[in-house]
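Structure record follows, encoded as structure tokens.
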Amino acid sequence: MKAYNNSKIKRGTTFVKDLSYKANQYLNAKEPFDTKDNILKIIPLGGSEEIGGRNMTVIEYGKDIIVIDIGMKFPEEDQPGVDYIIPNPSYLKGKEDRIRAVLITHGHMDHIGGVSQVMSMIGNPPIYAPALPLAMMQRRQSEFTTLPALNGHVAKLNEKIRLGVFTVTFLHINHSIPDSTMIKIETPEGVILHTGDFKIDATPVGEAPADLEMYKKIGDEGVLLLLSDSTSASKPGRLVSEMTIQNNIDHIFENATGKIIVTTFSSTLNRIQQMINLSEKYNRKVVIEGFSMKTNIQILHEIGYANFSPQTLISAQEARNLPPENLTIICTGAQGDERSALTRIANKEHRNFQIEPGDTVVFSSSVVPGNEESVQKIKDSLAKQRANIIHWKMMEIHVSGHAHKEDLKQLLEIIRPKYLQPIYGDFYALKSHSDLAQEVGMPRENILLTDNGRVIQVYKGEARVTTQKVNASNMMVDGLGVGDLKEIVIRDRQSLAQDGILTIVSLLDLKQGKIIRDPEIVSKGFVHIQTSTKLLDSIKEKVKEHIEKKLAREGQDQSIEDIQQSIREDLGLFLFKTTHRRPMIIPVIIEI
Amino acid sequence: MMQSKRFHTKSSVRTNRSRTQGKNFAQKRTIPETSRQALKIIPLGGLDGVGKNMYVLEQENDILILDMGLQMPGINQPGIDYLIPNTQYLKNNMSKIKGVVLTSPHPDHIGAVPYLLHLFPNLHIYATEALFAILESRHDFYSQGIKYKKHIIKPYNSIRIGSFKVNAFPAPFNVIGAIGLCIYTMQGKVFYLSSYKLDSETSEKSEVLDYIKDLAGSDAFALLTGSVASESQGFAPTEISIANYIDSIIAKNTGTIYISTFPSMIGRMQQIVNAVENHNKHLFIEGKSLLNTFNTCRKKGLINIKSGTIIGPSGLFEVPREKLVVLIAGSHGDDIPHLMRLANGEHQVFTIQAGDIVVYPAALIPGNARSVARVNDNFAKLGAFVEYYQELDTRYGAYARYEDTLAVLKAVRPKYYIPVTGSHHLLRSNGDIAVKGGYPDRNVVVGMNGKVILFDYKQRRVTPEKVQASDIIVDGLGVGDLTNVVIHDRQSMAEEGILHIIALVDLQSRTMLNDIVLESKGFVDNESSVKLFDEIKDHARLIISTLIREADEVNLDYVKSEVKENIARLLLTKTERRPMILPIIINI
Chain F
1 MKAYNNSKIK RGTTFVKDLS YKANQYLNAK EPFDTKDNIL KIIPLGGSEE
51 IGGRNMTVIE YGKDIIVIDI GMKFPEEDQP GVDYIIPNPS YLKGKEDRIR
101 AVLITHGHMD HIGGVSQVMS MIGNPPIYAP ALPLAMMQRR QSEFTTLPAL
151 NGHVAKLNEK IRLGVFTVTF LHINHSIPDS TMIKIETPEG VILHTGDFKI
201 DATPVGEAPA DLEMYKKIGD EGVLLLLSDS TSASKPGRLV SEMTIQNNID
251 HIFENATGKI IVTTFSSTLN RIQQMINLSE KYNRKVVIEG FSMKTNIQIL
301 HEIGYANFSP QTLISAQEAR NLPPENLTII CTGAQGDERS ALTRIANKEH
351 RNFQIEPGDT VVFSSSVVPG NEESVQKIKD SLAKQRANII HWKMMEIHVS
401 GHAHKEDLKQ LLEIIRPKYL QPIYGDFYAL KSHSDLAQEV GMPRENILLT
451 DNGRVIQVYK GEARVTTQKV NASNMMVDGL GVGDLKEIVI RDRQSLAQDG
501 ILTIVSLLDL KQGKIIRDPE IVSKGFVHIQ TSTKLLDSIK EKVKEHIEKK
551 LAREGQDQSI EDIQQSIRED LGLFLFKTTH RRPMIIPVII EI
Chain V
1001 MMQSKRFHTK SSVRTNRSRT QGKNFAQKRT IPETSRQALK IIPLGGLDGV
1051 GKNMYVLEQE NDILILDMGL QMPGINQPGI DYLIPNTQYL KNNMSKIKGV
1101 VLTSPHPDHI GAVPYLLHLF PNLHIYATEA LFAILESRHD FYSQGIKYKK
1151 HIIKPYNSIR IGSFKVNAFP APFNVIGAIG LCIYTMQGKV FYLSSYKLDS
1201 ETSEKSEVLD YIKDLAGSDA FALLTGSVAS ESQGFAPTEI SIANYIDSII
1251 AKNTGTIYIS TFPSMIGRMQ QIVNAVENHN KHLFIEGKSL LNTFNTCRKK
1301 GLINIKSGTI IGPSGLFEVP REKLVVLIAG SHGDDIPHLM RLANGEHQVF
1351 TIQAGDIVVY PAALIPGNAR SVARVNDNFA KLGAFVEYYQ ELDTRYGAYA
1401 RYEDTLAVLK AVRPKYYIPV TGSHHLLRSN GDIAVKGGYP DRNVVVGMNG
1451 KVILFDYKQR RVTPEKVQAS DIIVDGLGVG DLTNVVIHDR QSMAEEGILH
1501 IIALVDLQSR TMLNDIVLES KGFVDNESSV KLFDEIKDHA RLIISTLIRE
1551 ADEVNLDYVK SEVKENIARL LLTKTERRPM ILPIIINI
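Line order of the protein sequences matches chains F and V.
Mapping of the first sequence onto our numbering: position 431 corresponds to residue 431, and the numbering continues sequentially without gaps.
Just so we're on the same page, our numbering is the position in the second sequence counted from 1, plus 1000.
Below you can see the structure in the form of structure tokens.
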């Protein structure tokens, strides 16, 4: 049967070419300063030109180094089977004794997730963080029994900490988790302000708004360089306030008749507390489902951050006796991950809960790009059980923790830095940030666009994006191995997923130049073996013929590799002609 | 499928018994006896995602098919080209098929036509002239020797197809050639409007709505409407607002403008042409299927364009950069994906320069939102400004939203409301529009692919009857030969890779010959894992040699499964990975 031939078009992300070899050109990189003097260096080891990921920034002056955040990133769909990815600290190798401290802005995994593995690679220096992220890191560290304990210090807000030539201060800012901070770093070249993740919200829920007057004062005193969150720089307008969200969710709670199931990220602790408070208001008890979410709530309690009554939280067993209108379940699974509580509830695999008609399911989170399909599936099975589904596209029930375009402009106008370095986000986001900064009057040459590993230099008040780069490649964690997965392994996995694999084992009698027996064929993911005997027979014939011809024509003294290569080419062509598929072909030749 | 077959035989046995014994035995689960006026609506595709629309209407000895679409694969179906609806039921009832009506020129309504014409040669196809123009400009049926009977439908006219009378009206939709249907069945009037929008910010003063209202009268029986955007509030954006937006982009003078659209969106092309002419610019079309469709439609008078607006390759470099608009093909159809080449800086003719503007609907990028982000990223790196406007997407801009749906529902006022086209939660939220409008739950039918919806004596009758509706997978030259096993293998290899263990044994002397050969792909880095590989070899050698030495009668399948199990355990403890393990043991 004749059909379309679009096999040239690769689906998924593989068709997009990596343009990073042109980076010097599109980043406007210049030669490094030619001087022996001390230079202030800022090196993003992760988090520039990538989304949601492994944030880590190194700041260096003379003999002193400080590190801001060590995050982790979840793999993309073209990195199948990888557990997660952490920043590569190889630049810091041999400089361990110069690292004065690691500073953590807040407790999200893309800012603390790499701490466990990376700290032991960089000599376990002191680590400063606000109380909540510190407690979260220590909890996580205790899960890795082989790693040493963290040398942790609680960073108090607005208190100066001296670290070599640097003086740092943690400042309160709003985000989606308590204890989010910006870090002010006084250096010999001037003041650097690192925003971490942030948003501007005059009416947040459950915490104080950021003190914009204080930030204005910092701006008045002069800021050399602002490293600012670009995650949502391409989104127009201003971010919706948490108060609006609060009102909308209140409305949902008010009208719900059955039980309410809320799903969100396990780390958006502000939202989770908000849901618990609303449940208290409407006389509902709360069950927290999902390991990471439970752990986070427990930590909140331990450090005294919880603003709800401990009686509100009940166990799943206790909840079974409650009428549905008195129950809220807050659970993980907003991204449709297979093992999450919501997925199990939706698939009727949950031990304690199932959907009954009239239940309300609130998706209080955006969908991380790439997860659309799994979220869709969950919604389908929830709808089949007649749950009312409310998600963020229908109503404002979720707002991200990242400032939008107009908010970012506002921050620039408050701080008025000499230089801006957009951080966090792909190049599109960084460039959008650069564009909006130019709209408020910053000259293009004062905006420092970077990729990972790029060395930014500041010397005598002048900042430069240099052509110099340090190693910032991905460190992939897969199973027990950290960083032993090479790109080639990932590439193999990709092509296995496309058209499968075909292995042909042939036994070769080199003396007689003959094939012993028929070749053995094993194939996975290519065609259905049982129903394709004809094709397999013709492959066997083809291979046998090919090897014998080649031996007869070119004599005995050719290498096995040569024969393998020619089988691969010949058979590849044959299979493409007959099936229009390109399986990976592995010819194995055993000499006897 | 096996299960449902078994179910059928069982239930028919029960029916017999209940009749002979005169007992009302398990009445609920049997397939009801039907009168000769009964109507079956069988969705063969379209109810489990957006795509592969195909609905069968059957009464007595006549089958009428509505649409034949395809669906793009999801990310967990690696390496396959398309999905098309299952045709087993139609094959079994070939003689009943009276014809197919195509209602929209998008691939999710006509994409499976070439495949199905192979199975059902000389099929009667009914569609508008514009839709035939698009269909034929995309597939060269003539040279492939594919024949079918062509029947042109004119909106506001009626035709007879078998025992069905069909009235067509223009679906108020941004695609020229799209129609809605009113089908007169023995049960009553069935309306079918899969892809449509009102294209108006009010539901008053709509010519089409008035026509539908007249047709429906007071006794419309059923209404099938599309659900793609029924979660969205308000009205779908109007074509005028989209045209204004396109005009505002083409008005910009900072560089060349690259704009992309689907080859089936003729109305969109006209809007682009109008904007180009409005700003005295020139249009160049890059992409075979875009150009084919454009030319065909121009010849048939479906697109109006002044002479001199379009420039050919020769005039391309005489036009100043900022006066040039390039209509460029994305990845739909069998085109070269020019847009992606442009994003990769690999296009033969065009190179992005600073100040250029790129506008495209995200659905033209294969993959998901993540791939779109990467394409945007590349355009940014090349210096272009990417305008993102989601109304350009068919998904957001072209489908009925809450208010559109409600207006049609109010105009038709059917007895039964049947949401189609969409995954289950979309169907349900479409159904909820009717429920909120006062319909009782039992008159809103949210179906499943393959599940028969039966009407008799002007009532819905619940039936357990099911027909085959599993997807047919098109991959390379094969249609339907990929089983789930194969897809599953691809997935699991993509997760952790594959490891072959190849051993030669001599079963007569019960010894192992040669060394064990390992071939691994996508598991670990082969060069740096020599130690691990040696360990695997030792382990495998030990297992195989012990088993063939000590067994009374050697069963190679058993040896293989032992190797597989033991090595899997070894690898799990050593690496925490689970590659697919394939032992190959050859007896000489």
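Beta carbons: idealized from backbone N, C-alpha and C, even for Gly.
Does the Cβ-Cβ distance between ILE1183(V) and VAL1166(V) come in under 8 Å?
-> yes
Within the chosen definition, does the segment 398-412 of chain F reach the segment 251-262 of chain F through at least 3 CB pairs nearer than 8 Å?
-> no
For chain V, is any of its Cβ atoms less than 8 Å away from the one on ILE86(F)?
-> no
Nearest to ASN1157(V) by CA position, among PHE1169(V), VAL1050(V) and GLY1312(V), is which residue?
-> PHE1169(V)
If you check the beta carbons only, do VAL262(F) and VAL362(F) fall under 8 Å apart?
-> yes
Taking MET523(F) as part of the alpha helix (DSSP H), name the residues at either end of that continuous run.
-> Note that residue 523(F) corresponds to Ser in the displayed sequence, not to Met. Here SER523(F) belongs to no alpha helix (DSSP H); instead the beta strand (DSSP E) covers 514-524.
Reducing DSSP to helix, strand and coil, say where ALA210(F) ends up.
-> coil
Taking the C-alpha atoms as reference points, what is the distance between LYS514(F) and ILE1588(V)?
-> 15 Å
Which two residues bound the contiguous alpha helix (DSSP H) that contains GLU1535(V)?
-> 1530-1550
Return the residues of the segment 1421-1451 of chain V that lie within a Cβ-Cβ distance of less than 7 Å from chain F, sorted by chain order.
-> SER1423, HIS1424, HIS1425 and ARG1428
Show which residues of chain F have a CB atom less than 9 Å away from the CB atom of ASN1378(V).
-> VAL16, LYS17, ASP18, LEU19, PHE427 and TYR428
Where the alpha helix (DSSP H) through LYS1288(V) begins and ends | 1288-1299
How is PRO324(F) classed by DSSP in three states: helix, strand or coil?
-> helix
Does DSSP put THR1511(V) in a helix, a strand or coil?
-> strand
Residues of the segment 1557-1572 of chain V whose Cβ lies closer than 7 Å to any Cβ of chain F, in chain order | none
Rounded separation between SER1248(V) and ILE501(F) - CA only = 51 Å
Count the other CB atoms, across all protein chains shown, that sit within 10 Å of the CB of ILE1239(V); report buried if there are 16 or more and exposed otherwise.
-> Here residue 1239(V) is Glu; the residue named in the question, Ile, does not match the sequence. It counts as buried.
Endpoints, the alpha helix (DSSP H) within which ASN1274(V) is located | 1266-1278
Look up PRO89(F) in the DSSP assignment and say whether it is helix, strand or coil.
-> helix
If ILE355(F) sits next to ALA346(F), beta carbons under 8 Å apart, how far is it from one beta carbon to the other, in whole angstroms?
-> 7 Å
Check the Cβ-Cβ distances between ALA3(F) and every residue of chain V, and say whether any is below 8 Å.
-> Note on ALA3(F): pLDDT 30, under 50, position unreliable in the model; the coordinate value appears next. True, the Cβ-Cβ gap to chain V drops below 8 Å.
Whole angstroms is fine: what's the gap from ASP1515(V)'s alpha carbon to ALA1503(V)'s?
-> 7 Å
Starting from GLY1522(V), find everything on chain F with Cβ-Cβ shorter than 7 Å and list it in chain order.
-> VAL489, ASP492, ARG493 and LEU496
Comparing the C-beta of MET1001(V) with each C-beta of chain F, is any distance below 8 Å?
-> Low local confidence applies: a pLDDT of 35 at MET1001(V) is under 50, so the model's placement there is unreliable, with the coordinate-based value given in what follows. No, its Cβ sits nowhere closer than 8 Å to a Cβ of chain F.
Exposed unless 16 or more other CB atoms sit within 10 angstroms - verdict on GLN1187(V) = buried
Tell me which same chain residues have a C-beta within less than 7 Å of the C-beta of THR1309(V), skipping the five on either side of it?
-> VAL1273, VAL1276, GLU1277, HIS1282 and LEU1283
Any chance the segment 380-390 of chain F sits against the segment 184-192 of chain F, with 3 or more Cβ pairs inside 8 Å?
-> no
Span of the alpha helix (DSSP H) around GLN273(F) | 269-281
For GLY613(F), name the three-state secondary structure that DSSP assigns.
-> Because chain F spans 1 through 592 in this model, residue 613(F) falls outside it and cannot be assessed.
Where does ASP426(F) sit, in a helix, a strand or coil, going by DSSP?
-> coil
Establish whether the CB of ILE147(F) and some CB of chain V are separated by less than 8 Å.
-> According to the sequence shown, residue 147(F) is Leu rather than Ile. No, LEU147(F) lies away from the interface with chain V (no Cβ there is under 8 Å from its Cβ).
Looking only at its own chain, which residues have a Cβ that is under 8 Å from the Cβ of LEU1123(V), when we skip the five neighbours before and after it?
-> ILE1097, GLY1099, VAL1100, LEU1116, LEU1117, TYR1148 and LYS1149
Thinking just about the alpha-carbon of each residue, which of ASP18(F), VAL154(F), MET584(F) and ILE68(F) is nearest to the one in GLN564(F)?
-> MET584(F)
Backbone secondary structure at SER1230(V) - three-state DSSP | coil
Could you tell me the distance, in whole angstroms, from the CA atom of THR1463(V) to the CA atom of TYR1457(V)?
-> 14 Å
Beta strand (DSSP E) segment containing THR187(F), residue limits | 181-187
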